[in-house]
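Everything below concerns the one structure shown next.
Protein chains: 4
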Amino acid sequence: MTNKSFGSDNITPAAPEIIAAIAAANTGSLHSYGDDPYTARLTDLARDVFETDLTIYPVTTGTAANALALATLTPPYGAVYCHETAHIATDECGAPEFYTAGAKIVGLPGADGKIRPAQLDVPLRRAANMGVHHVRPAALSLTQATEWGTVYTPSEIRALSDAAHANGLGVHMDGSRLANAIAHLGCTPAETTWKAGIDVLSLGATKNGAIAAEAVLFFDAARAESFESRRKRAGHLWSKMRFLSAQLIAYLEHGLWLRNAAHANAMATRLADRLATLPGVHLVQPVQANEVFVALPDATIDALLQDGFEFYRWPAPAGATGPLIRLVTSFCTDPADVDALLAAAKRAVNAPNPP
Amino acid sequence: MTNKSFGSDNITPAAPEIIAAIAAANTGSLHSYGDDPYTARLTDLARDVFETDLTIYPVTTGTAANALALATLTPPYGAVYCHETAHIATDECGAPEFYTAGAKIVGLPGADGKIRPAQLDVPLRRAANMGVHHVRPAALSLTQATEWGTVYTPSEIRALSDAAHANGLGVHMDGSRLANAIAHLGCTPAETTWKAGIDVLSLGATKNGAIAAEAVLFFDAARAESFESRRKRAGHLWSKMRFLSAQLIAYLEHGLWLRNAAHANAMATRLADRLATLPGVHLVQPVQANEVFVALPDATIDALLQDGFEFYRWPAPAGATGPLIRLVTSFCTDPADVDALLAAAKRAVNAPNPP
Amino acid sequence: MTNKSFGSDNITPAAPEIIAAIAAANTGSLHSYGDDPYTARLTDLARDVFETDLTIYPVTTGTAANALALATLTPPYGAVYCHETAHIATDECGAPEFYTAGAKIVGLPGADGKIRPAQLDVPLRRAANMGVHHVRPAALSLTQATEWGTVYTPSEIRALSDAAHANGLGVHMDGSRLANAIAHLGCTPAETTWKAGIDVLSLGATKNGAIAAEAVLFFDAARAESFESRRKRAGHLWSKMRFLSAQLIAYLEHGLWLRNAAHANAMATRLADRLATLPGVHLVQPVQANEVFVALPDATIDALLQDGFEFYRWPAPAGATGPLIRLVTSFCTDPADVDALLAAAKRAVNAPNPP
Amino acid sequence: MTNKSFGSDNITPAAPEIIAAIAAANTGSLHSYGDDPYTARLTDLARDVFETDLTIYPVTTGTAANALALATLTPPYGAVYCHETAHIATDECGAPEFYTAGAKIVGLPGADGKIRPAQLDVPLRRAANMGVHHVRPAALSLTQATEWGTVYTPSEIRALSDAAHANGLGVHMDGSRLANAIAHLGCTPAETTWKAGIDVLSLGATKNGAIAAEAVLFFDAARAESFESRRKRAGHLWSKMRFLSAQLIAYLEHGLWLRNAAHANAMATRLADRLATLPGVHLVQPVQANEVFVALPDATIDALLQDGFEFYRWPAPAGATGPLIRLVTSFCTDPADVDALLAAAKRAVNAPNPP
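Chains as they are written, first to last, in this note's numbering: chain A, 2 to 356; chain B, 2 to 356; chain C, 2 to 356; chain D, 2 to 356.
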């Protein structure tokens, strides 16, 4: 049956490998709260995958991962700088403010979803000038891939983290779609994270195959000092941790995360490339991950909705005009589903205008 | 193979029915964040099981359930009254303080793990006398079954909730082991909750068979007003909610929760009854759920530990003396495991004292 | 001696009437924490001055007044809309976030320091569309006089509060310089506050003559329910409240507040009108209160600083260019001090350019 | 006229020296927010008085001083140990919880208002055993003089702070009545504070002569790192700081604080010694500061109230019985007022019992 849902990658089921891993972990008594062999193995695996010593803490949701990570970097009287469309700024109902006990999330513009190092200059100078009256600059948070489906190169990240570190900021990456970014870049996980200056990483798995599993990775153990207390206190410490760790093991080992992401990316590219050939349709952003932002006539949007396709209308970025939609593909998007959408769009575009 | 772990009911795997339910839910795209048929069905089911209109919100951990529930009842300048051994007071790293933005958790004594209505008099009078200088009484939280493995009768709960309501307090039940209490009481779920005056319930499933699933139930919809924002903000809103709801459906339908709990209780009773016949061994609390608190000679404790059995030493309640341990049974405790422990205890008790 | 300080109105001493009031209140024992005749009289007086029933709570600082007021209007998961230059957004080190337990302060642009009702449309629609993922719109905060020294008319305030109320928002006024606004408008205190839809007012006195005294006024008693607990909990309840109330009585009775403000405004107008006649100098904002924002050549700025005058360089508003400074007058600015600055500016402007 | 108020030392007016100091500071423009000569002089003076390098931050209330001080020592997931009657535990409407973002205040018993080092053993061991499930021990807070009017000796404080430091706790002193304690001990300010191991001191002045002035003193500058941001964010940074610093200068210089306290103590001793000679009357605590806790017949209490005397009935400490009242003297208590109370008590005690 055709799947007409392009609303998000979080409407997906789990990858079969993840379900199998949960079932396989369901045997015997094990110490609770992470003192189990699955969690130990996850740590070893993450160190292999990221080619460095690190600490990895599984949690359930991306919002929890981000908020907990930021709370380790930012005091209550601190400021976190991020893109103005960042999930932490707009989609988490104030979770970072909650977890940091009231820090300020400062959004910076950028038409392609990315921020540039020079954008930090004004707010940092302002903070310095205003002294105690202003929140203290504490962290920079980068989203990889961005909310506009674009991807920072490792050197772009390096430039940003250098600027941040030079000003005493910690650097966080919201890697809710990190696998998609790595699949696009063809780099190693290390190259787009700690080698580029990331201190703390929120690693997503849920959108890309897990039932509910994310992780916070500290590349600098000293920054993790408060994490375990904060996680417990937030109710994010699973007693049967094995079931969270098992998902992440299945995700990271044997390359499942990158295969799934590469598939999602390929489906987005297929969708974008062909949509862009239709008259009156154009891509609003380069497609570098699994999201396609496309401007098209209102009548076409309506026709697709009428055909039963699901997706969101989206606010235009700076400089763009016209009705805009977001189409998201996933690890389980079928090429036939993409083609069904393309066919429907072609029909709609070519249909005579309604009277 | 003999399972020698009696440390907690959270060291268990999941019940096979729960794993099967997760696997069965792993099909096709579904709207995220709870707008899915599993979550709808869970609500219907919970209304049937509790015989009333209600709102049910799945979350991942008991700490999250408790803290979120209390935050809906208690302002930052409020006080929550509970037993001094309550999980919310001692085992959650300050989660209620975090979620309420700094309310005070006030512990009241009670040798059997229960509090009595008259115990509210002194703190409530004190709060009234001190006016704005004192935190405002806001909620009463009862643990069912208690941390001492005892169970409140419905009329005991009614007396407490009447006293609380008469003073304007909301009444919360930490039902981390509610199934065990109901199995012991032989009452309906309604009788020990809303019919006895409970306003908000944390319903546990993890210790009794889920991989990670709890729920907050509001019997008075008006009290739930802030819940969804608080849950999202805390990172406790699963995008793939179906996998949380499916666990709870499997738990509640066809009586799995009560069957599992009855088994755990029976194992505890078997363990307690036979231990109590050994010389120098006596029960510190009546065994009404799945926890056995037993005083026994230090040498016996050491012998059991040496035999590989796992359990915790426990601080004595008011009035008790001597070394004390806690033994916890679960839905998957095998009678043979109980008997192995009993045999080891018997050997130890009868062994000549070490020189 | 010439006073060369135009940096702020908070560098001033207190008005002699205020010091006299403190000394006069220093007699005998009185009940503490506001249960004293001064505080009772303040309430009566405020009701007279504002021509309505109201509740008034003295506090020490404007930051405390604002943060406490906003905390009564905004839940932790709420959003407060204000001008992007508002004191609550930029100058209070995150006090509103602290007091609300993490609400979001959303700044809206406006070249003259004012916001317009239509600006609420986009964020409110966005919040509605995003549901639980977005913070809930909770309050609108208006600054009167604004941070750009301009003044809302009562009908501008009414239009904003109507838009806010229609969307369920409470309306707060940061009246740190309310007296200056009233003196400019020539309206009654009621007309620019509750009659224009203000629910909660932060009334400033410190900048305009007190040693340290502000007040929060609730025109709707129902909104004040949590205030006293919040004030105590924040350490803002004076035990010897008489000394705070006495300042506010002296401030409000016999028109001291409006006389002081009218003088400060007149000094600003004198300064602005004459500065504007100098070549290369122009006003960046209309001068409606006691602040003058003026663009002038860098060399002139340097010359004034070299002469010992004190003031701040200021970031330009949208659409403006060139070096900009802020000059602030106060209740105790001497016309001779203004004229000294004018003379120095004239000299500097006419000086030959440095080689 | 006879002053019949013995309810608290916060019902007093200010000392004339304090009012004079405020008036004397009311001259000319000065930089705001503490960058003024009064505040600089206060720092020098405090260093002289305490004979060490230190940082001193004026604030308005004792609650603010305590909560801000504790927030520098205690993370949100931390625990503060104190006597169960400590002001921070019972009289501040949860201010420490607010300022720390939800830390736990753990009260320890002690019939004389003091705690002993050995009392820390059980909670610290419990915290160590429970790991991440338990809040982390972070601070010890001692009240000097205590809430029962008793005074720790320097060696008692040293023993407590040694135990605290050995376990990684910071040590705070609530010195709301520190002057009374020093006057009783006859020691130097240094001996009862930093020389005895105190890290952070809340120094009270309001009860002992100021209109509203307290200070937080850090003997270890490293601990003060977050203080200024926290104070500003809490709305406790006065813009016209001179008026706060001037009070504290007048308080500390020329020994006003110790003279005032010695007088208050002498009045309490006079009251206590003579009351204790009356039949049926006995002191519940040794009188070492300016508070007298005295058990006396209900009929006597009623008679005193009927005579117009003001004081509070008080809950009995462990081991005491019978009706109990608290009588508080102050820097401005007149011996004649004490004698009037004594005469009334004598009459009441000797009156025939009511039929």
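From the three backbone atoms N, C-alpha and C, an ideal C-beta is built for every residue, glycine too.
Between W315 of chain B and A213 of chain A, the gap from beta carbon to beta carbon reaches 7 Å or more. At a cut-off of 3 residues, the continuous stretches assigned as beta strand (DSSP E) that sit fully inside the region 134-212 of chain C are 137-144, 171-176 and 201-205.
When Cβ pairs closer than 8 Å are counted between the two stretches, the region 199-218 of chain D is seen to touch the region 69-78 of chain D, the count reaching three or more. In this structure, DSSP gives K233 of chain C a helical state, which the three-state scheme calls helix.
Near chain D, meaning a CB-to-CB distance below 7 Å, the residues of the region 18-36 of chain C are I20, I23, A24, N27, T28, G29, S30, L31, H32 and S33. Chain order gives no chain C residues near S240 of chain B, where near means a beta carbon separation below 8 Å; the closest approach is about 10 Å.
Identification of residues in the region 127-155 of chain B having a C-beta nearer than 7 Å to some C-beta of chain C yields V133, H134 and R137, given in sequence order. Under the three-state reduction of DSSP output, T56 of chain C falls in the strand class.
A buried status is given to A262 of chain D, since no fewer than 16 other beta-carbon atoms sit within 10 Å of its beta-carbon.
For F99 of chain C, the uninterrupted alpha helix (DSSP H) run begins and ends at A96 to T101, by DSSP.
The Cβ atoms of V172 of chain C and A165 of chain C sit closer than 7 Å to each other. Here P324 of chain A has A296, L297, P298, D299, I302 and R314 as same chain residues with Cβ atoms under 8 Å from its own Cβ, once five neighbours each way along the sequence are excluded. Contact between the region 262-273 of chain C and the region 101-110 of chain D is absent, with fewer than three C-beta pairs closer than 8 Å.
Here R224 of chain C has T73, L74, G171, D200 and V201 as same chain residues with Cβ atoms under 8 Å from its own Cβ, once five neighbours each way along the sequence are excluded. Among the residues of the region 202-233 of chain D, those with a Cβ less than 7 Å away from any Cβ of chain A are S227, E229, S230, R231 and K233, in the order of the chain. Chain order gives the chain D residues near H237 of chain C as T61, T62, T64, A65, A235, G236 and H237, where near means a beta carbon separation below 9 Å.
It is roughly 27 Å from the alpha-carbon of Y39 of chain D to the alpha-carbon of I12 of chain D.
Chain D places no beta carbon closer than 7 Å to that of Y100 of chain A, leaving this residue out of the contacts.
Around the CB of V123 of chain D, fewer than 16 other CB atoms lie within 10 Å, so the residue is classed as exposed. Within chain A, no residue has its beta carbon less than 8 Å from that of A290 of chain B; the closest one is some 17 Å off. Of the residues B:H134, B:G320 and B:L141, the one whose Cα lies closest to the Cα of A87 of chain B is B:L141. Contact between A90 of chain C and G108 of chain C holds: CB atoms are separated by about 5 Å, below the 8 Å threshold.
Sequence-distant partners of D340 of chain C (beyond 5 residues in either direction) whose C-beta falls short of 7 Å from its own C-beta are missing from its chain. Closest in alpha carbon position to M2 of chain A, among A:A337, A:N351, A:A346 and A:A352, is A:A337. Here S246 of chain B is not near L69 of chain B, since their CB atoms are 7 Å or more apart.
Annotated three-state conformation of Y78 of chain A is coil, per DSSP. C-alpha of D163 of chain C to C-alpha of R232 of chain D: approximately 36 Å in a straight line.
With 16 or more other Cβ atoms inside 10 Å of its own Cβ, P97 of chain A counts as buried.
At least 7 Å separates the beta-carbon of V50 of chain D from that of P280 of chain D. Ranking C:A352, C:F332 and C:R348 by CA distance to the CA of F7 of chain C puts C:F332 first. Contact annotation: in the region 276-309 of chain C, no residue has its CB less than 7 Å from a CB in chain B. DSSP lists no bridge partner for V282 of chain C.
With a 10 Å radius around the Cβ and a threshold of 16 neighbouring Cβ atoms, N67 of chain B comes out buried. If you compare the alpha carbons of D:V152, D:A211 and D:C188 with that of V288 of chain D, the shortest gap goes to D:V152.
Assigned with DSSP and collapsed to three states, H84 of chain D falls in strand. In the structure shown, K347 of chain C falls within a helical segment according to DSSP collapsed to helix, strand and coil.
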